[in-house]
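Visitor: Take this structure first; my questions come after.
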Amino acid sequence: MTPGHSPLQAVNDFVVKFANVNGSGSASANELFAKAILRMGVPVSPRNIFPSNIQGLPTWYEVRVCEAGWLGRRGGVDLMVAMNPQTWDADVAEIEPGGYLFHDSSKPIARARLRDDITVIGVPLTEICNAAWDDPRQRQLFKNITYVGALSALLDIDMAVVEALIGEQYKAKPKLQAPNVAALHMGREWVVANLPHPIGLRVWPADAVGDRIFVDGNDAAALGCVYGGATVCAWYPITPSSSLAEGFQKYCRTFRTDDEGRARHAVIQAEDEIASIGMVVGAGWNGARAFTTTSGPGVSLMNEFIGLAYFAEIPVTIIDVQRGGPSTGMPTRTQQSDVLACAHASHGDTKHVLLFPEDPRECFDFAAAALDLADRLQTPVFVLTDLDIGMNQRLCEPFEWDDARGYDRGKVMTADDLESGREFARYKDVDGDGIPWRTWPGTHPDKGAYFTRGTSRNPQAQYSERGPDYVYNMQRLLQKFDTAKALVPQPVLSSAAPSQADAPARFGAIFYGSTSPAMAEAIEQLREAGIALDTLRVRAYPFPDSVRDFIDGHEQVFVVEQNRDAQLRLLLIDAFGTDPARLVAVLHYDGTPVTARFISGAIGDHLRPSARQEKVA
């Protein structure tokens, strides 16, 4: 360790990163590590960074340990568990000065490949496992558990907690429990015997988790669809959304199966994304609550059917778990890359409702809400999550559901309504909200029928290419979009002012979705640096008028998002005619989740010249 770089010292506040090879069986061991710390009452936020091939390429698993509760990526690594020779140099370079490098010391490492400002911890993992097992696959698999045991000694993780987790993991395979526990103890005992001086990073029992649950967004959204009344899911496998459809099928076996074992649901793996959205449109037209889940390339293929659903006014819910693009892009990396593609999906003039959940709890809530909104508005509704939310487990508030809550099916005429002589004109606005009345097939033997078409028609659903009829429909659809402003989840405002009597800050920030946890920490970092910001988390498009008010109330507003083209910023400019110079883009798009350091650094660098000018004045 060079002078001026003493080893890092931290309790319940550090970042551990595992560098492995994809397909090596490390994923379950790394997750075991994270869950053990969580069970000790210390919040963790793990993120899996994996390649899109089957095996052989580098993979990383980053665990933020933070008793203070910050759940976003901090940036930097305090302890690197370097198990992949391919990425050794880059992994070592990522360690913070004063940090720690853990590696398999069965083979010597050249001094030139180390650093003088970090502490190197070598454990002969391969030698330990080779002495205990003959089978090469067992040696590899148990080496992962062995390094978890070694880390438990270095970080003072409770072994009883780890053993209990192994018991739960292999409850259905009891023969695997004993060798995994043995591997765990081998790693721990070697460290205790050979490395008597603990490192400066420690895990102490705490009570900072509370009643929060640990779940990923795909599983949460799947359960939200069940509770929201969905009975049909048609999908085609695509990373990172496939586990959502699989989760829905899993939950339907419990909640959509009657006492006699008959399925009260349909989950169809279609031949492609075009077929899947076609099935969902047909189910929605027929009165079923239906959804599909996909990612950006799937949305591209679905465009024509999305346009049909928009113009024919058929309820459709689309959950887009976003990833990097365009084209195949980075299918196992995260981005907020489909905002514009979904907002205007299809050819012609379209504007679609978008919901932006920030965590698994809102994935549950918004999936259910989207099904209501699609019915109420008779239109496609998108839920835009991303890989970071969808595939990474995160602490969030427990899900809640009011059993007395009814489904909002919107304006649906019954047989009694039709029999009473009420006028039925499928595409006529009768009360100014832009939403017409509809019927479900088979509602009445001879009343309420209409022809559903993708071509232009008059308010009575009769074919028409008359300009006034087309304009009427298009203006009515705009009115419906305006009506949606009051129905979608409203923005969340956070003021930098100590009380409502104080003036708002000069500058503001708008953000959305998975940017939220890093944004929360970044705002605190900026506050400590003397920079005050009001913030607004938008949760849906169309934007309510309160978003315009927020922008108008500040000299400049930073728009923080994870894409290259500032897609939300462009929607804001389009929606309100805002001077583009007043909306400052803060963009992160390297495929990894944005960090608090990145956000606070970008905003701070922009504002510090202003702060210096004020001081001189």
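To convert, note that position 31 of the sequence shown is 12 in this note's numbering; the numbers rise steadily by one, no gaps. From the three backbone atoms N, C-alpha and C, an ideal C-beta is built for every residue, glycine too.
(1) Output the residue ranges of the alpha helix (DSSP H) runs that lie fully inside the region -12 to 67 and measure 4 residues or longer, sorted by chain position.
(2) Going by CA-CA distance only, name the one from A10, T212, N161 and L165 that's closest to D267.
(3) What residues are listed by DSSP as bridge partners for E542?
(4) Taking only runs of the beta strand (DSSP E) that begin and end inside the region 96 to 120, which ones reach a length of at least 3 residues, in chain order?
(5) Can you check which of these residues, T436, L399, Y453 and G413, is closest to A430 by C-alpha distance?
(6) Determine the burial state of A442: buried for a count of at least 16 other Cβ atoms within 10 Å of its Cβ, exposed for fewer.
(7) Taking the CB atoms as reference points, tell me whether L354 and V364 lie closer together than 7 Å.
(8) Thinking just about the alpha-carbon of each residue, which of L135, Y570 and G22 is nearest to the one in M311?
(9) Can you say whether K461 is buried or exposed, counting buried as having 16 or more other CB atoms within 10 angstroms of its CB?
(10) Within 10 Å of its beta-carbon, does R386 have 16 or more other beta-carbons around it, so buried, or fewer, so exposed?
(11) Taking its Cβ as the centre, do 16 or more other Cβ atoms sit within 10 Å of P155, making it buried, or is it exposed?
(12) How would you write the range of the alpha helix (DSSP H) that D398 sits in, first residue to last?
(13) Measuring CA to CA, which of G494, Q471, V567 and V452 is closest to S527?
(14) Does DSSP put A587 in a helix, a strand or coil?
(15) Suppose contacts are defined by Cβ-Cβ distances below 7 Å. Is V23 in contact with E48 by that definition?
(16) Determine the direct distance from the alpha carbon of A131 to that of H325, and round the result to whole angstroms.
(17) Would you list, in sequence order, the uninterrupted beta strand (DSSP E) runs of no fewer than 3 residues that lie entirely inside the region 125 to 213?
(18) Should V25 go down as buried or exposed, given a rule of 16 or more other Cβ atoms within 10 Å for buried?
(19) Which value, in whole angstroms, describes the spacing of the CA atoms of Y444 and W418?
(20) Which same chain residues, not among the five before or five after L348, have their C-beta less than 7 Å away from its C-beta?
(21) Let me know if T309 comes out buried or exposed under the rule of 16 or more other beta-carbons within 10 Å of its beta-carbon.
(22) Comparing alpha-carbon positions, which option in R193, S281 and T313 lies nearest A322?
(23) For A247, which option in A269, T127, E241 and M372 has the closest C-alpha, if you only look at C-alpha atoms?
(24) Starting from Q548, follow the beta strand (DSSP E) in both directions and report where the run begins and ends.
(25) Once DSSP output is grouped into helix, strand and coil, what is the label at L514?
(26) Can you grab the Cα-Cα spacing for the pair T220 / Q303, in whole Å?
(27) Ignoring anything shorter than 4 residues or poking outside the region 281 to 364, list the alpha helix (DSSP H) runs there in chain order.
(28) To the nearest angstrom, report how far apart A598 and A566 are at their CA atoms.
(29) Residue ranges of each alpha helix (DSSP H) run of no fewer than 4 residues wholly in the region 214 to 239, ordered along the chain?
(30) Could you work out which residue in E378, S497 and R403 is closest to T366 when comparing CA atoms only?
(31) According to DSSP, simplified to helix, strand and coil, what is G423?
(32) Have a look at G329, R375, Q317 and Q316 and flag the residue whose alpha-carbon is nearest the alpha-carbon of R342.
(33) Assuming V104 contacts D85 (C-beta within less than 8 Å), just tell me the rounded distance between them.
(34) Since F272 contacts C214 with CB under 8 Å, what's their CB separation in whole angstroms?
(35) Quick check on DSSP: helix, strand or coil for H(-14)?
(36) Can you give the beta carbon distance from Y81 to T100, rounded, assuming they're within the 8 Å contact cut?
Guide: Short version:
(1) Positions of the alpha helix (DSSP H) runs, each at least 4 residues long and wholly inside the region -12 to 67, are given as 7 to 20 in order along the chain.
(2) Per the sequence shown, the amino acid found at residue 267 is Asn instead of Asp. It is T212.
(3) DSSP, once it has assigned bridges, lists L568 as partnering E542.
(4) Complete beta strand (DSSP E) runs here, min 3: 100 to 104.
(5) In terms of Cα proximity to A430, the closest of T436, L399, Y453 and G413 is L399.
(6) Buried is the call here.
(7) The answer is no: Cβ separation not under 7 Å.
(8) The alpha carbon of M311 has as its nearest neighbour, out of L135, Y570 and G22, the alpha carbon of Y570.
(9) By the neighbour-count rule (16 or more Cβ atoms within 10 Å), K461 is buried.
(10) Label assigned to R386: exposed.
(11) P155 is exposed by the Cβ-count criterion.
(12) Per DSSP, D398 belongs to the alpha helix (DSSP H) from A396 to E400.
(13) Closest option to S527, Cα to Cα, is Q471.
(14) With the sequence shown as reference, residue 587 is identified as His, and Ala is not the correct amino acid for it. In the structure shown, H587 sits in a helix (DSSP, three-state: H, G or I).
(15) Cβ distance < 7 Å, so V23 and E48 count as in contact.
(16) So the two alpha carbons sit approximately 52 Å from each other.
(17) Restricting attention to beta strand (DSSP E) runs no shorter than 3 residues, the region 125 to 213 encloses them at 194 to 196, ordered along the chain.
(18) Buried, since its Cβ has 16 or more Cβ neighbours within 10 Å.
(19) For Y444 and W418, the distance between alpha carbons rounds to 18 Å.
(20) The sequence as given places Ala at residue 348; Leu does not occur at that position. Taking C-beta separations shorter than 7 Å and ignoring five residues to either side along the sequence, the partners of A348 in its chain run A202, G205, C206, G209, I300 and V364, following chain order.
(21) Exposed: under 16 other Cβ atoms inside 10 Å.
(22) The shortest CA-to-CA distance from A322 to any of R193, S281 and T313 is the one to S281.
(23) The candidate whose alpha carbon is nearest that of A247 is A269.
(24) Not the beta strand (DSSP E): Q548 falls in the alpha helix (DSSP H), residues Q548 to F557.
(25) L514: coil per DSSP, three-state reduction.
(26) Between T220 and Q303, the alpha-carbon positions lie close to 9 Å from each other.
(27) Scanning the region 281 to 364 from its first residue to its last, the whole alpha helix (DSSP H) runs of 4-plus residues come out as 320 to 324 and 341 to 358.
(28) No answer about A598 holds up, because its pLDDT of 37 lies below 50 and its placement is not dependable.
(29) The DSSP assignment places 223 to 236 as complete runs of the alpha helix (DSSP H) inside the region 214 to 239, in order along the chain (cut-off: 4 residues).
(30) For the set E378, S497 and R403, the Cα lying nearest the Cα of T366 is the one of S497.
(31) It is coil, neither helix nor strand.
(32) The candidate whose alpha carbon is nearest that of R342 is R375.
(33) The Cβ separation is near 7 Å, so the contact holds.
(34) That pair is a contact at about 6 Å.
(35) Correct three-state label for H(-14): coil.
(36) So it is a contact: roughly 5 Å between Cβ atoms.
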